[in-house]
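Here the protein sequences line up with chains A and B, keeping their order.
Heads up: the first sequence runs through residues 0 to 515, numbered per numbering that gives the first Met the number 0.
Heads up: the second sequence runs through residues 0 to 515, numbered per numbering that gives the first Met the number 0.
Each residue gets a CB set at the ideal place from its N, CA and C atoms; glycine is no exception.
Data block below; observations after.
Number of protein chains: 2
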Amino acid sequence: MNGADMLCDVLLVNDVDVCFANPGTSEMHFVAALDRKPRMRCVLGLAEGVVTGAADGYARMADKPAATLLHTGPGLANGLANLHNARRARTPIVNIVGDHASYHLQYDAPLTSDIESLARPMSHWVGRISGPGDVRARTEEAYTEALRRRGVSTMILPADAAWGELSAEMPVPVARPAPLPVSADTLSAAARALRSGKRVAMILAGKALRAVALESAGRIAAATGAALFSQTSDRTERGAGQVAARPVPYNVEQAIHALREFEVAICVGGRQPVSFFAYPGKPGTMLAPGCEVIELASHENDLAAALGMLAEEIGLRKDSPFVPNRFTQDQIPMPTGPLNADSVCTVVARGLPENAIICEESITSGGRLTTLAPGLRPHDHIPLTGGAIGEGIPLAVGAGIACPDRKIVAMQADGSGMYTVQGLWTQARERLDVVTIIFANRAYAVLQGEMRNVGVNDFGRNARRMLDLDAPDLDWCSLARGMGVEAARAETIEQFSDLFDTAVSRKGPFLIEAII
Amino acid sequence: MNGADMLCDVLLVNDVDVCFANPGTSEMHFVAALDRKPRMRCVLGLAEGVVTGAADGYARMADKPAATLLHTGPGLANGLANLHNARRARTPIVNIVGDHASYHLQYDAPLTSDIESLARPMSHWVGRISGPGDVRARTEEAYTEALRRRGVSTMILPADAAWGELSAEMPVPVARPAPLPVSADTLSAAARALRSGKRVAMILAGKALRAVALESAGRIAAATGAALFSQTSDRTERGAGQVAARPVPYNVEQAIHALREFEVAICVGGRQPVSFFAYPGKPGTMLAPGCEVIELASHENDLAAALGMLAEEIGLRKDSPFVPNRFTQDQIPMPTGPLNADSVCTVVARGLPENAIICEESITSGGRLTTLAPGLRPHDHIPLTGGAIGEGIPLAVGAGIACPDRKIVAMQADGSGMYTVQGLWTQARERLDVVTIIFANRAYAVLQGEMRNVGVNDFGRNARRMLDLDAPDLDWCSLARGMGVEAARAETIEQFSDLFDTAVSRKGPFLIEAII
């Protein structure tokens with residue numbers, strides 16, 4: 000066997016059995032090894048942003064890492080934006096980057112670059128395999144670190160480490176790293192705050208937004224009057240019967256207003272909310288001045304357990320009550336008037352099937368769905384996390400591979416959708432059950448708002464040329480069909496509603512271009 | 000005025016008047032400043048690979064840098080692959096990356112990342128503006144370094160440096176840096192070698208492949224019997240009446256065979272050729288063992304002047320003869336048989352208009368055109384340089400902006416074309432005179448060859464899933480129309496020939512999908 004075989008064996012014995020890939024010449028031995036391992040599902044992306052975004056979506060839904068296969072520094076570079084999102088989502092990924100044979104680096108061949116420097120900003124762990132004999136230990140380390148730190152492990156695989164022979168040995172599963180224990184002092188401090196009569200906000204993120212954790216948070220809230228907020232995270236289980244946490248608004252003023260009354264913030268799975276961007280003369284943090292911040296637990300803790308312990312610490316029984324979201328989906332009236340972002344969201348909310356997965360990259364358009372979400376059939380929500388746009392379509396790819404029996408509804412802005420539009424082809428090839436809804440407003444609408452935020456209301460030619468997506472208009476149906484995805488356009492609520500019902504009632508990828 | 004105004008003024012006064020852009024929130028003040036400068040042509044790319052690849056193509060043809068506008072670390076990351084190609088092409092670019100306001104970095108907001116670490120591997124110079132008062136000096140430095148080093152200057156623009164006010168002062172043009180002088184000793188050594196009777200190869204790259212430089216090389220070759228080779232470079236002026244240099248083959252064995260007889264290699268504008276990748280048991284360099292290498296001049300020298308001085312050094316008069324390429328374009332017979340890569344190239348060669356610009360990213364398909372090129376009407380050839388695929392369509396964008404009166408013929412493989420397919424929209428929006436020819440072989444054909452190189456001839460399911468682009472086939476005409484570019488498919492030589500003639504005879508973007 001060679002190093003590449005060993006790499007595959009270590010992945011497979013640790014149940015990493017999906018590899019999102021876009022290989023190049025330096026990875027040919029790795030490809031040949033994968034070809035000898037039919038248990039590994041290899042999923043091709045036609046651009047690396049699809050590969051890494053899909054790996055992110057997959058792990059968010061499968062709760063285990065996928066591997067990736069990228070080609071040298073430029074291949075990694077193309078995938079970095081969605082690795083950035085994965086890093087912010089704290090998604091475990093075993094990100095494998097092929098490189099030249101180690102003795103070839105001296106020649107500075109055209110594709111040579113400093114892969115470590117590229118990888119570090121978007122990785123929690125970076126390592127380079129030193130030779131075939133190092134493949135097993137390094138791959139086990141990459142895998143373990145992805146789990147332990149909940150994040151991106153980037154492992155560099157030189158071609159000669161892949162093709163070098165080694166003596167056959169069958170790897171065994173590595174021990175899964177245990178989460179860090181929650182500090183007893185912090186637990187006591189949080190419990191004291193909750194019992195103090197002060198106004199407390201519990202700000203949840205990451206795995207604190209799964210149903211079991213939310214239920215504990217909901218019991219604490221019901222008993223103490225604490226308010227529950229959520230930060231943008233990898234995955235939220237939401238809908239009727241669950242506990243709702245209110246998203247911290249993106250807009251700085253709105254966020255400050257929403258948080259103004261709280262004297263204590265207990266952060267579970269994250270730090271205190273900060274503004275996405277700085278604006279002249281506006282603050283960068285959102286909590287009221289003097290608000291005490293208690294960081295109860297981080298992503299390296301078991302967040303559900305931490306919330307359970309906190310409930311116990313304040314004396315709640317395991318069956319203490321919480322206020323579940325009421326089911327209101329069947330009472331949402333069909334919208335009237337023009338097709339716009341809100342009416343699209345309302346139609347989707349009405350028709351959302353049980354157990355759906357909503358992939359969301361629709362910053363200026365998706366608000367109405369967030370408002371309606373608590374009353375819908377239980378579903379998962381996986382949004383863009385790190386602000387690096389171009390993740391929606393790949394997230395849907397990954398979720399579709401992870402959960403073949405669930406309907407994926409991708410709410411996708413047109414501007415960001417174009418970044419990784421190539422992912423539609425992978426949806427077609429893998430026959431994923433994804434309905435993609437394009438909010439075709441033909442502008443970087445978020446930026447038009449931001450221009451107004453900086454005081455520019457009259458856009459001249461140069462601003463319009465950079466913020467509008469018109470002249471020519473994109474034809475999303477044509478783009479989708481070019482990659483083998485059925486598609487149709489909606490210009491009225493009736494058309495959109497009919498198309499959405501059809502898309503939900505059948506299997507396979509479908510795209511609806513909603514002209515709003 | 001604010002820092003962003005000053006930045007624009009420094010660019011414009013130094014004749015940098017094109018900005019390829021994909022802005023985000025942290026760049027809104029820069030966008031607003033650009034909006035106040037109608038002399039700056041702002042060109043939007045719907046993904047950053049288009050932005051940077053276009054900046055590369057533009058500077059190769061305009062012989063002056065463009066600016067870019069990218070959004071924080073992830074925006075830069077998306078553009079790095081084509082910055083890598085620009086770095087290898089030694090293309091001057093003023094690559095501007097917006098970042099958070101400096102005081103906001105402490106909060107580690109979602110889009111925060113280590114931009115310097117990302118930028119360094121693909122840049123010749125990296126600098127961060129420290130505040131509004133630093134904008135002028137830093138921008139002048141970025142511009143000067145791009146010219147002096149012939150390469151990528153990455154300048155990080157914090158939002159507060161852009162919006163900060165400063166006292167109005169009108170910048171003046173900076174002195175263009177003079178090229179480094181060529182060493183007299185090296186010149187003598189090269190002249191001695193040429194007169195020694197030894198077999199000499201002159202290996203040309205970069206600006207040594209422009210007509211004037213090639214003519215000097217041709218005079219030296221005619222007088223001494225030296226052979227002329229070229230390395231993959233930013234731009235080659237080629238065709239009838241010019242001097243041809245033979246490309247060093249990509250294939251290692253073929254390259255070693257082509258170079259086996261030479262005792263001396265004189266490198267002009269580059270180093271000795273090395274193999275693109277390492278293969279088990281094959282050498283990494285291509286010159287014969289013991290071949291003496293003389294590096295006459297680097298990209299920081301004036302390569303045309305260096306070749307002129309070398310001709311003088313060996314005693315040639317300025318009008319000493321060279322062997323110009325004969326015009327044979329009108330004698331190329333119309334191909335017969337099936338439409339394949341060779342017949343596509345042959346039809347293009349027959350119909351190539353005078354002064355065309357060929358953008359080439361067709362590694363496995365373009366060989367026949369290279370063979371025919373010396374006999375064609377004079378034209379420019381700008382190929383992929385650094386091996387980071389996904390540059391062909393953006394190169395055509397940049398060339399089209401730089402040279403609106405010349406026909407751009409983009410020879411584009413399908414696999415690499417998908418990486419930055421978004422560039423077709425910019426071609427439509429800017430009404431560029433580009434005919435794109437897609438070699439639709441529906442595979443990563445280069446990788447299928449490389450798999451055979453590593454000894455795998457029977458591809459199993461996983462290998463096929465990673466190396467074939469079928470199931471579903473891409474429909475390039477649909478993709479092009481989705482972005483506003485007219486397109487048609489050719490399945491026979493007759494169809495292709497008719498379409499190519501039509502495309503050449505009219506203005507504006509057109510795409511031909513050649514099914515081969």
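Chain A residues whose Cβ lies nearer than 7 Å to that of CYS402 (chain B): Per Cβ cutoff of 7 Å: no residues; CYS402 (chain B) is ~20 Å from chain A at best.
Touching by the beta-carbon criterion (3+ pairs, under 8 Å), the stretch 278 to 297 of chain A and the stretch 233 to 252 of chain A: yes
Within 8 Å (strictly less), CB to CB, does ASN440 (chain A) reach chain B? no
Report yes if the C-beta distance between GLU353 (chain A) and ARG376 (chain A) is below 8 Å; otherwise report no. yes
Neighbourhood of ILE255 (chain A) by C-beta, 6 Å cutoff - its chain only, sequence neighbours within 5 removed: Within its own chain, the residues whose Cβ lies closer than 6 Å to the Cβ of ILE255 (chain A), once the five positions on either side in sequence are excluded, are MET285, listed in chain order.
ASN77 (chain A): contacting residues in chain B (beta-carbon distance under 9 Å): Simply GLY48, ALA76, ASN77, LEU79, ALA80, ALA387, GLY389 and TYR418.
Which residues in chain B have a C-beta closer than 7 Å to the C-beta of GLU449 (chain A)? List them in chain order. THR24 and MET27
Contacts of HIS99 (chain B) in chain C (Cβ-Cβ under 7 Å): No chain C is present in this structure, whose protein chains are A and B.
Mapping DSSP to helix, strand and coil, what is HIS28 (chain A)? helix
Between GLN253 (chain A) and chain B, is there a C-beta pair that is closer than 8 Å? no
Answer yes or no: do VAL420 (chain A) and ILE392 (chain A) have a C-beta to C-beta separation smaller than 8 Å? yes
Using the C-alpha atoms, what's the distance from GLU139 (chain A) back to LEU203 (chain A)? Each residue's Cα considered, the two are about 31 Å apart.
Please identify, using Cβ separations under 9 Å, the residues of the stretch 404 to 436 of chain A that lie next to chain B, in order along the chain. So the list reads GLY414, MET417, TYR418, THR419, VAL420, GLN421, TRP424, ALA427 and ARG428, given in the order they occur along the chain.
Since CYS266 (chain B) sits in a beta bridge, which residues does DSSP pair it with? B:ILE202 and B:GLU294
Around the Cβ of VAL292 (chain A), are there at least 16 other Cβ atoms within 10 angstroms (buried) or fewer (exposed)? exposed
GLY72 (chain A) beta carbon less than 8 Å from that of SER25 (chain A): In this structure, SER25 (chain A) sits away from GLY72 (chain A), with a CB-CB distance that is not shorter than 8 Å.
With a cut-off of 8 Å, does the C-beta of ASN461 (chain A) fall near any C-beta of chain B? Cβ-Cβ to chain B under 8 Å: yes for ASN461 (chain A).
DSSP beta-bridge partners of MET0 (chain B): In the DSSP assignment, MET0 (chain B) forms no beta bridge with any residue.
If you reduce the DSSP assignment to three classes, tell me which class MET169 (chain B) lands in. coil
DSSP state of ALA442 (chain B), grouped into three classes? ALA442 (chain B) falls in the strand class under three-state DSSP.
MET154 (chain A): which of A:ALA3, A:ALA486 and A:ASP404 sits nearest, CA to CA? A:ALA3
Cβ separation of ALA141 (chain B) and GLY126 (chain B), assumed to be a contact under 8 Å, to the nearest whole Å: Distance from ALA141 (chain B) to GLY126 (chain B) at the Cβ level is roughly 6 Å; contact confirmed, criterion being Cβ atoms closer than 8 Å.
Quick one: list the residues of chain B neighbouring THR284 (chain A), beta-carbon separation under 9 Å, in chain order. Within chain B, the residues whose beta carbon sits less than 9 Å from that of THR284 (chain A) are TYR106, listed in sequence order.
If I follow the unbroken beta strand (DSSP E) through GLN411 (chain A), where does it start and stop? 407 to 412
From the beta carbon of GLY344 (chain B), is the nearest beta carbon of chain A less than 8 Å away? For clarity, residue 344 (chain B) is Cys in the given sequence; the question names Gly instead. Not an interface residue.
With DSSP as the reference, label PRO393 (chain A) as helix, strand or coil. helix
Going by DSSP, name the residue or residues bridged to GLY97 (chain A). A:HIS70 and A:LEU156
I want to verify the contact list: residues of chain B whose CB lies under 7 Å from the CB of ARG127 (chain A), in sequence order. Simply none; closest approach about 15 Å.
At a CB-CB cut-off below 9 Å, which residues of chain A make contact with PHE228 (chain B)? Those within 9 Å of PHE228 (chain B) in chain A number zero; the least Cβ separation is about 16 Å.
Three-state secondary structure (DSSP) of THR284 (chain A): strand
How about LEU193 (chain B) and ALA225 (chain B): do their beta carbons lie closer than 8 Å? yes
Can you give me the C-alpha to C-alpha distance between GLU164 (chain A) and VAL96 (chain A), rounded to a whole angstrom? 20 Å
Whole-number beta carbon distance between ILE92 (chain B) and SER152 (chain B), since they are thought to touch under 8 Å: Indeed, because the Cβ distance is near 7 Å, the residues count as touching under 8 Å.
Taking the alpha-carbon positions, what's the GLN447 (chain A) to VAL30 (chain B) distance? Cα to Cα, the separation comes out at about 11 Å.
Determine whether the beta carbon atoms of CYS402 (chain A) and ILE356 (chain A) lie at a separation below 8 Å. yes
On the DSSP bridge list, what partners appear for SER229 (chain B)? Paired residue(s): B:LEU203 and B:PRO246.
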